[in-house]
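Asker: This is the structure I want to talk about, given as structure tokens.
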Amino acid sequence: MPVRLWREPLDKEKIKKPIAEIHIIRDNCKGCGYCIEFCPKNVLEKSNELNKRGVHFPVAVRPEECVICSFCSAVCPEFAIFVFEKVEVDNKNDES
Amino acid sequence: MNENSESKEPIRIGVYVCHCGLNIAGSVNVEEVAKFAATLPNVVVAKDYRYMCSDIGQEIIKNDIKEYKLNRVVVASCSPRLHGPTFRRVCEEAGLNKYLFEMANIREQCSWVHLYQKEEATEKAKDLVKMAVSKAALLKPAKDIEVPVIRKALVIGGGVAGIQAALDLADTGYKVYLVEKEPSIGGRMAQIDKTFPTMDCSICILAPKMVDAGHHPNIELLTNSEIVDVSGYIGNFRVKVLKKPRYVTDDCSACGDCAQACPITAPNEFDVGLATRHAIYTPFPQAVPATYIIDMDLCLNKEGIIVCDKCMRACEREAIDFTMKPEEIELEVGTIIVATGADVFDPTALPHYGYGKYPNVITSLEFERLINAGGPTGGHLIRISDRQIPKSVAFIQCVGSRSEKANPYCSNICCMNTIKDALLIKEHWPEVKIYVFYVDIRAFGKGFEDLYRRAKKEGVVFIRGLPAEIIEDPKTHDLWLIGENTLQKELYKIKVGMVILSIGIEPRRDSQIIQRLLNLSRTSEGFFMEAHPKLRPVDTPTGGIFLAGCAESPKDIKDSVTQASAAAARAGILMAKGKITVEAITPRIIEEICRGCGLCTKVCPYNAIRINEEKKKAEVIEAACAGCGTCAAECPFGAIIARSFTDEQIIAQIDAATEQDAEKKIIAFCCNWCAYAGADFAGISRMQYPANVRIIRTMCSGRVSPKFIEHAFARGAAAVLVAGCHPGDCHYINANYHTQRRVEKFWKRMERLGLRKERLQLLWVSAAEGERLASKIKEMQAIVQSVTPEEIEKTKQAFAKGGEKNAG
């Protein structure tokens, strides 16, 4: 149905987007760049710093975009990257 | 008389000139034409009568065929596209082969287009009769070909019209393929909350029909699918359908667990973007098929790489399959119903209403989703800016309709839709103040006026005069409407909480795809054109293809359903018979002349002509041939006879037309489907143009051999017009490209010979573009007037002596 969609959906705030906790074990990284290349949401980029192995390990530059597909962990040959869903710590326990 | 045996008996022609009441007799001296006809060679009887097509008129012809032993009949009356079949039948009933009948079109192409030029019109009518008589003398008897009709139908579009047509045909007992582009059938009606004038819940009455269509043993549903190719002809269409993958198998139970797991969201098209959906989704809860679908433009998984498997893990039935591939399905059907529906007007084109800029200006389609209990707000009409129910609402009518800035036509449904919407608001929130700004309220249908009256009684304020501008209060997001009340002749400035733009209906933006595939015509507005506006309103000019719903013109649900049932009945008639007769217009090869060069095989759009390698001669594959005659125009040796449109017949017509005052005349070759139909349309619309044009009908402009143009000039014609369908719209796939090539070549030749090439004109004109043809003929007058006697003489000589040598 080719109607131009331009409005913010009314239920936008109701959609719960998981918040990601991205852990990078920087010194295990060997700088292959697979995680950066394969991330479907382009969350990762090469850092400017070097790790112990002398390579540019990845950093999460757009962590809010992460959908926790964990494909980065699947492709990492060094098991150096993991993603978990952040558990909400606020007091009001939202039951809906 | 046998088709192949040369008859030795003398030609005896009867000519019948029709008054058509005053339609012809009003501007043509019919008696004079009949008297003139009697003096023509081979004519043994010529009569005029008030209505030739009446029973009495038909009896006159039948009696004369017996009494005068007529072996040819010419009727000068309306277009052969209208009553050709009637008079052919009359001839057959009197024992005369119907191919021995010829018609002179002195109504649509003479009396109606020269209303105020009685003398010129009469002279033209005489010429047209003379041309028809000359052709008639050369007619040969022929036998119709019978072809089987496949008893299966294709319905394109799964809106309410398509569903109704499919159900009717399936219930009659025919196999139906229902092809829908979207993931679910249902169309626009599924989006609407209530229907007018009865206020039925739209989806509640539609959903059972959708389910019926989904489960009917005779209906094969092909959703998420598009037509990519159509070939063949009435009764025998071959259709290629591209079935795009859903990535979810039929094992899906529509539980929705997958969508819950999907991390990707996007605006839902079904809710006009007012709600979200996931990358794996079902457009709406009542969707048929209920199977979910993955939107691959959104899904993280691309070609061959499964990045995210959350939906797969959530699906207990393991119904998700990322390896699905697009499938191309080939169908063979006898009839096709086009129910492709319509789009809606985008009001951002009218910036003074502020749509897209002011959040509380919404469209009537957005309103339907907001007021719908299944919609994003659960049926609460809220302002987008503050999510509150507005205290006052204004409807603006004719947004995108009846305006020079947008579409010129009336969209048919918006007046009643607004009245229905106003009543819905009153029903839920009686305290909301409602204004309707209109041009005219058109409450013309059954029960419509009652609903209009009810709305007025409920306190809906109707103000005549559309606002000139809408201004938003930036703090409250309320809207000021400023304009003139044209009934009270005073200005208004009214503040409301929300504005609903009653948007019009537009042709589908991609309708040219279907138009090209099926060789249909469209009106200047862009809707598909019917074969006849009164008598064949659901047929298209292409045999075996019918129209239903908004694809034909804007209409409400009731009219769409009515039309769908009509289209199903029309298609059913063809399939019930199981066979149809096809006109005997396929070509014959004169083997003695054919040299087997194969040029004809190269131009045939249907590959219906091939070289028999043993005999080294061309042969025609009758079943595949559509009779355009392009092969006959291409043959350099004249070895192909295009039956009913032979070289001799067309040359005889040119000779007759150029016998007198050739230097003032335009000889026009018009293809049956577009240009000739366009000329008829000019007549129906009474568009006036000069009377010095003589139209010769061919099936396709591709039939127009350069030697016809040459002959017309050799006979002293001032100008020649070749007119055919627009490139890409040719009724014979691409035959008109050969027309273009030949005309371009002829232009070069004229230049070489030192002749003005403007004297040969090429025009693309559709059946709806009578105006285009009329203006071309007017425009060509300047050329006709500027041609000098010396120029005519030079042309005559150039083509008389060099004609044969330079041909090809």
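Chains as they are written, first to last, in our numbering: chain S, 236 to 331; chain F, 423 to 1230.
Heads up, the beta-carbon is just placed ideally off N, CA and C, and yes, glycines get one too.
1) By how many angstroms is the C-alpha of Thr-617/F removed from the C-alpha of Ser-1188/F?
2) Checking contacts by CB at 8 angstroms: is Glu-1226/F closer than that to chain S?
3) Roughly how many whole angstroms lie between the Cα atoms of Gln-708/F and Ala-629/F?
4) For chain F, find out if any of its Cβ atoms is closer than 8 angstroms to the Cβ of Pro-244/S; answer yes or no.
5) If you drop the 5 nearest sequence neighbours on each side, which residues of the same chain put their C-beta closer than 6 angstroms to that of Tyr-703/F?
6) Relative to the alpha-carbon of Asn-1030/F, which residue among Arg-1017/F, Leu-903/F, Glu-1036/F and Gly-1049/F has its alpha-carbon at the smallest distance?
7) Please name the residue in Lys-1086/F, Lys-1129/F and Gly-1124/F whose C-alpha comes closest to that of Pro-1058/F.
8) Within 8 angstroms, do at least three Cβ pairs link the stretch 1100-1107 of chain F to the stretch 1150-1158 of chain F?
9) Going by C-alpha to C-alpha distance, which of Ile-1076/F, Ile-528/F, Val-729/F and Ala-761/F sits closest to Phe-273/S?
10) For Leu-722/F, go through chain S and note every residue whose CB falls closer than 9 angstroms to its CB, in chain order.
11) Out of Gly-584/F, Lys-597/F, Asn-907/F and Tyr-1028/F, which has the shortest C-alpha to C-alpha gap to Ser-987/F?
12) For Asp-470/F, I'd like the list of residues in its chain whose CB is within less than 8 angstroms of its CB, leaving aside the five on either flank, ordered along the chain.
13) Pull up the DSSP beta-bridge partners for Met-920/F, would you.
14) When you compare the CB positions of Pro-671/F and Ala-741/F, do they come within less than 8 angstroms of one another, or not?
15) Just the Cα atoms here: how many angstroms apart are Phe-319/S and Ala-295/S?
16) Enumerate in chain order the residues of its own chain whose CB-to-CB distance from Lys-1200/F is below 7 angstroms, with the five nearest sequence positions on each side excluded.
17) Does any residue of chain F have a CB that is nearer than 8 angstroms to the CB of Arg-239/S?
18) Smallest Cα separation from Ala-388/F: which of Pro-1027/F, Ile-727/F, His-638/F and Ala-575/F?
19) Check whether the stretch 458-467 of chain F touches the stretch 546-566 of chain F, counting contact only when three or more Cβ pairs, one atom from each stretch, lie closer than 8 angstroms.
20) Are the C-beta of Pro-798/F and some C-beta of chain S separated by less than 8 angstroms?
21) Using a C-beta to C-beta distance shorter than 9 angstroms, which residues of chain F count as neighbours of Pro-312/S?
22) Strictly under 8 angstroms for the Cβ-Cβ distance: is Thr-762/F near chain S by that measure?
23) Is the number of C-beta pairs between the stretch 844-858 of chain F and the stretch 805-817 of chain F that are closer than 8 angstroms three or more?
24) Which residues bound the beta strand (DSSP E) around Leu-245/S?
25) Please report whether the beta-carbon of Ala-1222/F lies at a distance below 8 angstroms from any beta-carbon of chain S.
26) Comparing alpha-carbon positions, which option in Lys-980/F, Arg-1171/F and Lys-1087/F lies nearest Glu-542/F?
27) Within the continuous alpha helix (DSSP H) that includes Gln-1203/F, where are the two ends?
28) Please report how far the alpha carbon of Gly-579/F lies from the alpha carbon of Pro-976/F, in whole angstroms.
29) Check the Cβ-Cβ distances between Glu-541/F and every residue of chain S, and say whether any is below 8 angstroms.
30) Since Ser-675/F is in the beta strand (DSSP E), which residue starts that stretch and which ends it?
31) How many angstroms separate the CA atom of Trp-241/S from the CA atom of Ile-271/S?
32) With Thr-770/F and Tyr-777/F assumed to form a contact (beta carbons below 8 angstroms), what rounded beta-carbon distance in angstroms separates them?
33) Identify every residue that forms a DSSP beta bridge with Ser-653/F.
34) Find the residues of chain S that neighbour Leu-696/F, judging by a C-beta separation of less than 8 angstroms, and give them in chain order.
35) Apart from the five residues just before and just after Ile-686/F, which ones in its own chain have a Cβ nearer than 8 angstroms to its Cβ?
36) Would you mind telling me which residues of chain F sit closer than 7 angstroms to Ile-250/S, beta carbon to beta carbon, in chain order?
Answerer: To lay it out plainly:
1) Here residue 1188/F corresponds to residue number 766 of the second sequence, with the count starting at 1. Here residue 617/F corresponds to residue number 195 of the second sequence, with the count starting at 1. About 37 angstroms.
2) Translated into the one-based positions of the second sequence, residue 1226/F becomes position 804. Caution applies to Glu-1226/F, whose pLDDT of 46 falls short of 50 and renders its modelled position unreliable; the value that the coordinates give is listed next. Chain S, which has no Cβ nearer than 8 angstroms to the Cβ of Glu-1226/F, makes this no.
3) In the second sequence, residue 708/F corresponds to position 286, counting from 1. In the second sequence, residue 629/F corresponds to position 207, counting from 1. The alpha-carbon atoms of Gln-708/F and Ala-629/F are separated by roughly 7 angstroms.
4) Locating residue 244/S in the first sequence gives position 9, where the first residue counts as 1. Chain F contact via Cβ: present.
5) Locating residue 703/F in the second sequence gives position 281, where the first residue counts as 1. Answer for Tyr-703/F: Ala-681, listed in chain order.
6) Here residue 1030/F corresponds to residue number 608 of the second sequence, with the count starting at 1. The sequence shown places Ala at residue 1030/F, rather than the Asn named in the question. Minimum Cα distance to Ala-1030/F is reached at Gly-1049/F.
7) Numbered from its first residue, the second sequence carries residue 1058/F at position 636. Checking every option, the nearest Cα to that of Pro-1058/F belongs to Lys-1129/F.
8) no
9) Locating residue 273/S in the first sequence gives position 38, where the first residue counts as 1. Closest by alpha carbon: Val-729/F.
10) Position 300 of the second sequence holds residue 722/F. Here the neighbours are Pro-275, Lys-276, Val-302, Cys-304 and Phe-306.
11) Here residue 987/F refers to the residue found at position 565 when the second sequence is read from its first residue. Answer by Cα proximity: Gly-584/F.
12) Position 48 of the second sequence, counted from the first residue, corresponds to residue 470/F. Once the five neighbours on either side are set aside, the close Cβ partners of Asp-470/F are Tyr-438, Val-439, Cys-440, His-441, Val-452, Glu-453, Val-455 and Ala-456.
13) The residue given as residue 920/F occupies position 498 in the second sequence. BP columns for Met-920/F point to Val-815/F.
14) What you label residue 671/F is simply residue 249 of the second sequence in a count that begins at 1. What you label residue 741/F is simply residue 319 of the second sequence in a count that begins at 1. According to the sequence provided, residue 671/F is Thr. The question's Pro does not apply to it. Taking 8 angstroms as the Cβ cut-off, Thr-671/F and Ala-741/F qualify as a contacting pair.
15) The residue labelled residue 319/S in the question sits at position 84 within the first sequence. The residue labelled residue 295/S in the question sits at position 60 within the first sequence. Cα to Cα, the separation comes out at about 13 angstroms.
16) Position 778 of the second sequence, counted from the start, is the residue given in the question as residue 1200/F. These residues qualify, in order along the chain: Tyr-1111 and Pro-1112.
17) Counted from its first residue, the first sequence places residue 239/S at position 4. With 8 angstroms as the cut-off, Arg-239/S counts as an interface residue toward chain F.
18) This structure does not reach residue 388/F, given that chain F is present from 423 up to 1230, and the question cannot be answered.
19) yes
20) Residue mapping note: residue 798/F aligns to position 376 of the second sequence, counting from 1. Yes, its Cβ sits closer than 8 angstroms to a Cβ of chain S.
21) Here residue 312/S corresponds to residue number 77 of the first sequence, with the count starting at 1. Residues of chain F passing the Cβ test: none, with the nearest at roughly 17 angstroms.
22) Within the second sequence, numbered from 1, the residue matching residue 762/F stands at position 340. No, because no Cβ of chain S sits closer than 8 angstroms to the Cβ of Thr-762/F.
23) yes
24) Taking the first sequence and counting its residues from 1, the one referred to as residue 245/S is at position 10. Premise fails: Leu-245/S is in no beta strand (DSSP E) and is neither H nor E.
25) Along the second sequence, one-based indexing puts residue 1222/F at 800. Not one chain S Cβ lies under 8 angstroms of Ala-1222/F.
26) Position 120 of the second sequence, counted from the start, is the residue given in the question as residue 542/F. When only C-alpha atoms are compared, the closest one is Lys-1087/F.
27) Working through the second sequence from its first residue, we reach residue 1203/F at position 781. Looking at the DSSP string, the run of the alpha helix (DSSP H) that includes Gln-1203/F is 1192-1208.
28) Position 157 of the second sequence, counted from the start, is the residue given in the question as residue 579/F. Position 554 of the second sequence, counted from the start, is the residue given in the question as residue 976/F. Approximately 15 angstroms, taken between the alpha carbons.
29) Position 119 of the second sequence, counted from the first residue, corresponds to residue 541/F. By this cut-off, Glu-541/F is not an interface position.
30) Working through the second sequence from its first residue, we reach residue 675/F at position 253. Note, Ser-675/F: premise wrong, no beta strand (DSSP E); not H, not E.
31) In the first sequence, counting from the first residue as 1, residue 241/S sits at position 6. In the first sequence, counting from the first residue as 1, residue 271/S sits at position 36. Their backbone Cα atoms lie some 31 angstroms apart in a straight line.
32) For this step, residue 770/F is matched to residue 348 along the second sequence. For this step, residue 777/F is matched to residue 355 along the second sequence. Thr-770/F to Tyr-777/F, Cβ: 6 angstroms. Contact.
33) Residue mapping note: residue 653/F aligns to position 231 of the second sequence, counting from 1. Paired residue(s): Arg-660/F.
34) As a position in the second sequence, residue 696/F is number 274, starting the count at 1. Residues of chain S passing the Cβ test: Arg-242, Pro-244 and Leu-245.
35) Working through the second sequence from its first residue, we reach residue 686/F at position 264. Excluding sequence neighbours, Ile-686/F sits near His-700, Ala-701, Leu-720, Cys-721 and Leu-722.
36) If you number the first sequence from 1, residue 250/S lands on position 15. Near Ile-250/S (Cβ distances below 7 angstroms), the residues of chain F are Thr-687 and Thr-698.
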